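Everything on this sheet refers to the single structure shown next.
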């Protein structure tokens with residue numbers, strides 16, 4: 195499981211970097227989306243993805259903490275997903291605005307402010 | 226409770242401004258009053274922290290390290306005070322300069338969300354919470370950068386958004402790996418936990434965070450987004466960004482590399498020192514070739530960031546104190562310079578040096594007001610920048626790093642050259658033919674923040690003793706983090 199996750203995270207990072215280095219603005223945004231997925235899965239696997247009991251404590255029998263899954267990585271990921279969702283929505287709006295104003299979809303053409 | 230106020234006040238003002246969406250006058254008043262309340266709360270917090278030591282609030286009363294801790298040590302409190310001051314200056318300056326269309330699309334709520342994000346970043350004691358505050362600050366800054374939708378703004382915003390999302394992804398990855406290796410994200414607890422961890426792993430994580438925060442702070446070689454974007458939005462927004470945003474990155478670097486990653490300073494802090502030298506040089510050399518008022522200033526932000534992390538790289542109590550003093554001085558001076566560039570733009574209708582001129586003969590007061598922060602930035606006595614550089618140079622010589630001291634002094638001369646170039650082009654040379662778009666600047670709201678910030682620069686220069694004393698105590702808390710750790714974790718180490 196850990197090995198598969200590691201492969202997946204690596205593939206996502208590679209795909210993200212490839213897409214970000216393209217000249218198309220749409221691909222850039224796809225790349226950023228992949229990047230946030232990669233980071234989220236990285237947290238998931240670094241936090242220890244394994245089969246375990248849910249972290250619920252009933253007063254009858256308190257299971258050993260080692261037998262329970264760690265809920266924190268999932269809480270972190272959930273927060274990160276919400277944030278990246280918002281940010282991606284914003285960058286899509288920015289993309290549509292950029293295309294309407296400049297008529298360009300090529301990153302190399304967006305350089306008038308740097309001359 | 227006092228620790229929470231600098232976050233709660235701007236957040237509730239943002240909400241109130243949203244409720245008053247259609248009433249611009251109401252939003253002006255709310256933004257100004259809210260920023261003033263923020264400053265007062267921050268000053269009170271600094272007073273309490275200075276008197277009674279580090280203040281900690283555990284969110285939801287969960288004991289650390291299980292809940293989220295908010296911690297105000299002297300460094301955080303000082304940074305929040307400066308944030309309050311800059312927020313107030315920009316809130317007063319904005320109604321006169323930001324156009325009605327931008328105001329109608331939520332300028333003031335965003336301004337206060339940004340202030341909440343910045344204050345939250347300074348006050349949090351939890352690494353993942355720092356990530357969240359970063360995002361709060363970033364998303365507000367994204368919209369402020371793009372608000373108005375001019376071509377230059379959209380282009381600048383794209384670069385700004387992309388590079389910041391990359392930096393956030395790196396930060397998030399580092400957070401995940403840190404949690405995986407130590408099982409905690411509370412910074413004080415991390416400081417304890419990493420003492421036992423493998424030092425090679427901790428160095429790898431340190432490098433990840435150095436790149437993430439390095440992008441935010443515009444450290445060499447990760448600074449190209451800054452001069453591509455900071456000169457595109459209205460002057461009030463540039464001033465706010467120039468003063469605060471990169472400094473949040475610097476703060477995060479200082480926090481992480483004094484509290485958490487102190488196992489191998491011979492490697493990490495030497496690397497920071499080398500980066501500091503390169504950042505200073507590239508920033509100041511980049512400025513030489515520019516001909517736009519705000520682009521010159523943007524490149525100087527980069528070179529000044531070099532000075533701030535130079536103190537961190539030297540890693541002695543005096544050097545850190547100099548860094549803290551430098552950050553405080555720089556935020557005030559740099560915001561002021563950008564506000565002045567906005568005034569110049571309003572008076573002459575341009576930021577382009579070749580189309581400006583003759584302002585000293587028509588507006589001598591503005592000339593003097595420009596010279597105060599400009600000469601302070603370059604480091605001329607008796608202004609605040611002179612002492613900031615003096616302490617850094619002294620710390621560098623004490624640590625025996627003569628090369629970085631030499632670089633710092635040369636860069637300081639080049640900064641003076643750049644400031645004199647602006648002075649000559651904008652104020653001294655005869656005015657070119659009239660440029661359309663110029664407007665009279667009669668409103669006091671435009672001048673008041675500039676005058677007040679210039680006075681603060683002079684006061685810091687004159688009353689350097691007490692201010693540096695405060696910076697020194699802040700640096701002592703950073704160099705000896707046991708007090709911080711004990712304040713957060715209680716007795717259980």
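Residue numbers (this note's numbering), protein chains in the order written: chain A, 195 to 309; chain B, 226 to 718.
Using N, Cα and C, we set each Cβ at its ideal position, and we do this for glycine too.
Predicted, not measured: the structure shown is a model, and the values here were computed from it.
- Residue burial annotation: residue 298 of chain B is buried, with at least 16 other C-beta atoms found within 10 angstroms of its C-beta.
- Excluding sequence positions up to five before and after residue 453 of chain B, its CB lies within less than 7 Å of the CB of 381 and 384, all in the same chain and listed in chain order.
- Counting along the chain, the unbroken alpha helix (DSSP H) around residue 635 of chain B starts and ends at 627 to 647.
- Between the beta-carbon of residue 350 of chain B and that of residue 296 of chain B there is about 4 Å, and that keeps the pair under the 8 Å contact cut.
- For residue 244 of chain A, no Cβ of chain B is located within less than 8 Å of the residue's own Cβ.
- According to the DSSP assignment, residue 297 of chain B belongs to the beta strand (DSSP E) that extends over 294 to 297.
- Taking 8 Å as the cut-off, the Cβ atoms of residue 706 of chain B and residue 484 of chain B count as close.
- Counting the other CB atoms within 10 Å of its CB gives residue 668 of chain B a total below 16, which places it among the exposed residues.
- Interface flag for residue 265 of chain A against chain B is unset, since no Cβ pair is found closer than 8 Å.
- The beta carbon of residue 401 of chain B sits closer than 8 Å to some beta carbon of chain A.
- Proximity of the region 563 to 571 of chain B to the region 483 to 503 of chain B falls short of the contact definition, fewer than three beta-carbon pairs being nearer than 8 Å.
- At least one C-beta of chain B is nearer than 8 Å to the C-beta of residue 281 of chain A.
- Residue 466 of chain B and residue 308 of chain B have their C-alpha atoms roughly 11 Å apart.
- If you check the CB distance, residue 686 of chain B and residue 611 of chain B come in under 8 Å.
- Excluding its 5 nearest sequence neighbours in each direction, residue 577 of chain B has C-beta neighbours in its own chain below 7 Å: 516 and 517, listed in chain order.
- With a cutoff of 8 Å on beta-carbon distance, residue 444 of chain B and residue 500 of chain B are scored as near each other.
- The alpha-carbon separation between residue 583 of chain B and residue 673 of chain B amounts to approximately 23 Å.
- Interface criterion not met: the Cβ of residue 197 of chain A is under 8 Å from no Cβ in chain B.
- Nearest in C-alpha terms to residue 299 of chain A, of all of A/289, A/307 and A/306, is A/289.
- In this structure, B/306 is the residue among B/547, B/293 and B/306 with its C-alpha nearest to the C-alpha of residue 557 of chain B.
- Here residue 286 of chain B is exposed. Its C-beta has fewer than 16 other C-beta atoms within 10 Å.
- DSSP places residue 304 of chain B in the helix class (H, G or I) of the three-state scheme.
- Proximity of chain A to residue 404 of chain B at the Cβ level (cut-off 8 Å) is accounted for by 237, 240, 241, 266, 267 and 270, in chain order.
- Only residues of its own chain outside the window of five on either side were considered, and among them 538 and 540 have a CB closer than 6 Å to the CB of residue 494 of chain B, listed in chain order.
- For the pair residue 627 of chain B and residue 307 of chain A, the CB atoms are not nearer than the 8 Å cut-off.
- Between residue 527 of chain B and residue 451 of chain B, the gap from beta carbon to beta carbon is short of 8 Å.
- The region 398 to 406 of chain B makes no contact with the region 361 to 381 of chain B, as fewer than three CB pairs between them are under 8 Å.
- For residue 488 of chain B, no Cβ of chain A is located within less than 8 Å of the residue's own Cβ.
- Residue 388 of chain B is not a Cβ neighbour of residue 281 of chain A, given a cutoff of 8 Å.
- In this structure, the straight-line span from the alpha carbon of residue 265 of chain A to that of residue 273 of chain A is close to 13 Å.
- Segment contact: the region 501 to 510 of chain B against the region 469 to 480 of chain B, fewer than three CB-CB distances shorter than 8 Å; contact not assigned.
- Within chain B, no residue has its beta carbon less than 9 Å from that of residue 290 of chain A; the closest one is some 11 Å off.
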